[in-house]
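A.B. asks: Take a look at the following structure, please.
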Amino acid sequence: IMDMMSAALDNADLDPPIVVGFSILGGNRDVVDKEQDVIRKLVSIVKPLGMRVEHVFDDPEKYGLISPLPKKIDGGTMTTWCMIELSCRQ
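Residue 1 is where the sequence shown starts when you use this note's numbering, and the numbers rise one by one after that.
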């Protein structure tokens, strides 16, 4: 996942907002740690470009999602959606 993000976003002419979604298989406790590693990598790619990363499910109404929301972990798969937007702080 991290290599894919690097290839897609490093040195690219990015025009936010950009949606990034990924799924991690496994269903055990380390999926949360793996998700955090991926998010940190995503932040390290876009932060120097003056952008920020937000979890879509942290504020679903802002992104037009309505109830019932899909589960973050379902059937042993963890799915994450992030929005890359311009940062207000540089």
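For every residue, glycine included, the Cβ atom is placed at its ideal position computed from N, Cα and C.
1) Judging by CA-CA distance, which residue of Val46, Leu65 and Cys88 is the nearest neighbour of leucine 9?
2) Identify every run of the alpha helix (DSSP H) within the stretch 1-88, keeping only runs that are complete inside it and at least 4 residues long; order them along the chain.
3) Out of Lys72, Tyr63 and Leu42, which one is the CA nearest neighbour of methionine 4?
4) Measure how close the beta-carbons of isoleucine 24 and valine 53 come, nearest whole angstrom, since I'm counting them as under 8 Å.
5) Can you give the Cα-Cα distance for asparagine 28 and leucine 14, rounded to whole angstroms?
6) Pick out whichever of Thr77, Leu69 and Pro68 has its Cα sitting closest to the Cα of glycine 26.
C.D. replies: This is what the structure holds:
1) By 1-based counting over the sequence shown, the position of residue 9 is 9. Closest by alpha carbon: Val46.
2) 2-9 and 30-46
3) Counted from its first residue, the sequence shown places residue 4 at position 4. That would be Leu42, whose Cα lies nearest to the Cα of methionine 4.
4) On the sequence shown, residue 24 is found 24 positions in, with the first residue counted as 1. On the sequence shown, residue 53 is found 53 positions in, with the first residue counted as 1. About 16 Å; that fails the 8 Å criterion.
5) The residue you call residue 28 lines up with position 28 of the sequence shown. The residue you call residue 14 lines up with position 14 of the sequence shown. When rounded, the distance between both Cα atoms is 34 Å.
6) As a working mapping, residue 26 is identified with position 26 in the sequence shown. Of the listed residues, the one whose Cα sits closest to glycine 26 is Thr77.
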